[in-house]
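**Q** Got a structure here, written out as structure tokens. Questions coming.
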């Protein structure tokens, strides 16, 4: 968890504009990304491998997810 204290967390622009539930994302250089609830910065963190994050983003851009 100590390594996550040194990364730059960025709040989702959607979360910022909606004023509702907020997510923050941090790029883990070479290791993927970390995702957390901005209201609970000391709470649990979801780590996603770089390959899985890239596949997720590609699917979003291609509108392949039914959300």
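In this note's numbering, the protein residues as written are -18 to 48. Backbone N, C-alpha and C fix where the C-beta goes; we use that ideal spot for every residue, glycine too.
Among all the DSSP beta bridges, which residues are the ones paired with residue 8?
**A** The residue given as residue 8 occupies position 27 in the chain shown. The partner list for residue 8 (beta bridge, DSSP) reads 14.
**Q** With 16 as the cutoff for other CB atoms within 10 Å, does residue 7 come out buried or exposed?
**A** Residue 7 sits at position 26 when you count from the first residue of the chain shown. Per the 10 Å Cβ criterion, buried.
**Q** Rounded to whole angstroms, what is the Cα-Cα separation between residue -9 and residue 4?
**A** Here residue -9 corresponds to residue number 10 of the chain shown, with the count starting at 1. Here residue 4 corresponds to residue number 23 of the chain shown, with the count starting at 1. Their backbone Cα atoms lie some 8 Å apart in a straight line.
**Q** Can you check DSSP and say which residues form a bridge with residue 28?
**A** Walking along the chain shown from the start, residue 28 turns up at place 47. According to DSSP, residue 28 bridges with 15.
**Q** Can you give the Cα-Cα distance for residue 12 and residue 21, rounded to whole angstroms?
**A** Working through the chain shown from its first residue, we reach residue 12 at position 31. Working through the chain shown from its first residue, we reach residue 21 at position 40. Spanning the two alpha carbons is a distance of roughly 23 Å.
**Q** With a 10 Å radius around its C-beta and 16 neighbouring C-beta atoms as the bar for buried, classify residue 38 as buried or exposed.
**A** Your numbering for residue 38 matches position 57 in the chain shown. That one is exposed.
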